[in-house]
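Here the structure is laid out as structure tokens; the discussion comes afterwards.
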Amino acid sequence: MEGKEEDVRLGANRFNERQPIGTAAQSQDDKDYKEPPPAPLFEPGELTSWSFYRAGIAEFMATFLFLYITVLTVMGVVKDNTKCTTVGIQGIAWAFGGMIFALVYCTAGISGGHINPAVTFGLFLARKLSLTRAVFYMVMQCLGAICGAGVVKGFYGKTYFEMHNGGANMVAHGYTKGDGLGAEIIGTFVLVYTVFSATDAKRSARDSHVPILAPLPIGFAVFLVHLATIPITGTGINPARSLGAAIIFNKDSAWDDHWIFWVGPFIGAALAALYHQVVIRAIPFKK
């Protein structure tokens with residue numbers, strides 16, 4: 356019995372209840388996670404690796420499926436004047452958020468599940484991937500988006516597709532270009548900030564027993580942003596989504612404000628990367 360009591364005392368006193376905070380906590384060497392090293396700006400070896408091209412194909416296919424489901428949902432809603440017999444704005448938001456949730460879950464282990472040039476740009480600024488991979492991902496995402504929107508046009512036919520704007524993003528009547536740009540910046544900030552938080556090395560170590568955790572908040576962020584900004588811009592926050600629909604629709608009304616759906620998301624992604632890396636994680640100050 357004395358031996359068991361000694362074991363209990365040792366076990367009870369093994370971990371100090373007083374945990375360091377602030378900079379003291381940051382300087383501990385016994386972390387349960389490891390910060391990944393910054394990705395090189397250019398990595399020539401990637402160009403000869405099958406995993407590099409496999410990841411690009413995964414991004415193409417994911418963005419293709421994303422545009423196919425979401426634009427098809429948008430077209431199903433706008434074709435009805437009353438909207439009572441359709442899924443409505445809430446259904447559109449669920450289609451976008453749900454598809455991101457499913458596709459990130461499917462492709463995260465292959466390409467990281469970006470499915471969005473703005474996400475890729477933000478992760479590149481944070482040195483999570485090389486410039487080579489970032490450019491390749493963006494090209495494949497845009498190609499996938501064009502193909503996805505093209506299939507939807509094939510279903511509806513040119514006349515009907517163009518009659519209902521082809522699911523293209525535009526600044527709605529009653530809002531200025533500044534309103535649209537601000538909505539895209541803030542919406543993309545919400546999305547990319549969620550991506551950084553959900554894929555953080557520290558969080559992944561703590562919540563590794565919940566493998567579905569990362570895709571869920573990312574998809575939910577997309578859903579919430581769509582609920583808020585569909586009435587303003589139709590919600591872009593994804594340059595590939597906006598480009599694919601604009602190219603297939605190919606009318607002046609889609610191109611007039613198209614710059615907003617590139618500049619806004621890229622600014623929002625850059626701000627999110629800066630905020631998470633510098634303010635939330637203070638990574639530059641730990642080195």
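Residue 586 in my numbering is what sits at position 231 of the sequence shown, and the numbering runs on without skipping anything. Quick reminder that beta carbons are idealized off the backbone N, C-alpha and C, glycines included.
| said: Can you give me the C-alpha to C-alpha distance between G366 and E390, rounded to a whole angstrom? | reply: Confidence is the limiting factor: at G366 the pLDDT is only 49, short of 50, which leaves the residue's position unreliable, though a coordinate-based value still follows. Distance between the alpha carbons of G366 and E390 is about 30 angstroms.
**Asked** Is the stretch 595 to 614 touching the stretch 483 to 490 in the sense that three or more CB pairs, one from each, lie closer than 8 angstroms?
**Response** no
Close Cβ partners of L420 (< 6 angstroms) along its chain, the five nearest in sequence each way excluded: none
| message | Does chain D have any CB closer than 8 angstroms to the CB of R482? | response | Structure shown: chain D not included; a single protein chain is present.
#### Entry: For A538 and V545, the rounded distance between their alpha carbons
11 angstroms
| said: I'd like the span of the alpha helix (DSSP H) that includes K532, first residue to last. | reply: 532 to 553
For this session: Give the DSSP-derived three-state secondary structure of F397 in the structure shown.
Result: coil
| query | Can you name, in chain order, every residue of its own chain whose Cβ lies under 6 angstroms from the Cβ of G623, other than the five neighbours on each side? | reply | I540, T543, F544
(message) Taking its Cβ as the centre, do 16 or more other Cβ atoms sit within 10 Å of A379, making it buried, or is it exposed?
(response) Per-residue confidence for A379 stands at a pLDDT of 43, beneath the threshold of 50, marking its modelled position as unreliable; the derived number appears in the next sentence. Classification for A379: exposed.
Indicate whether A628 and L480 have their beta-carbon atoms separated by less than 8 angstroms. yes
Margin query: Short of 6 angstroms in beta carbon distance, which residues of its chain neighbour E517, apart from the five on each side in sequence? Order them along the chain.
Written below: none
Exercise for the section: Look at the alpha carbon of V474 and the alpha carbon of K513, and state the distance between them as a whole number of angstroms. Expected result: 32 angstroms
| Can the beta-carbon of A410 be found less than 8 angstroms from the beta-carbon of K483? | no
Any heavy atom of the ligand ATP within a distance shorter than 7 angstroms of the CB on V432? Here there are no bound small molecules, and the ligand ATP is not part of this structure.
Requested in this report: Tell me where the alpha helix (DSSP H) around T425 begins and ends.
Outcome: 405 to 433
**Prompt:** Measuring CB to CB, does S660 end up less than 8 angstroms from E398?
**Reply:** There is simply no residue 660 to check, as the chain begins at 356 and stops at 642 in what is shown.
(message) I believe Y530 touches I587 by the beta-carbon criterion, under 8 angstroms. Please report the beta-carbon distance rounded to the nearest angstrom.
(response) 5 angstroms
Count the other C-beta atoms from every protein chain shown that fall within 10 angstroms of the C-beta of K508, then say buried if there are 16 or more, exposed otherwise. buried
inquiry  = Using CA atoms only, rank isn't needed, just tell me which of L427, I455, V433 is closest to I592.
reply    = I455
**Asked** Do the stretch 576 to 583 and the stretch 447 to 454 touch if we need at least three Cβ pairs shorter than 8 angstroms?
**Response** yes
*asked:* Could you compute how far the alpha carbon of V459 sits from the alpha carbon of D435?
replied: 31 angstroms
Practice prompt. Flag this pair as yes or no: are the beta carbons of I573 and I447 separated by less than 8 angstroms?
Written response: no
Exercise for the section: Consult DSSP for E390 and reduce its assignment to one of helix, strand or coil. Expected result: coil
Taking just the CA atoms, how far does A600 sit from F476? 21 angstroms
For a test of the three-state rule: what should DSSP assign to A504, helix, strand or coil?
helix
**Report entry** Straight-line Cα distance separating A417 from G499
**Finding:** 8 angstroms
(message) So within the stretch 454 to 482, which uninterrupted alpha helix (DSSP H) runs reach at least 4 residues, ignoring any that extend past its ends?
(response) 472 to 480
Cutoff 7 angstroms; reference Y423; Cβ partners in own chain excluding five residues on either side: G503, V506, V507
Can you tell me whether V633 is buried or exposed, with buried defined as 16 or more other CB within 10 angstroms of its CB? exposed
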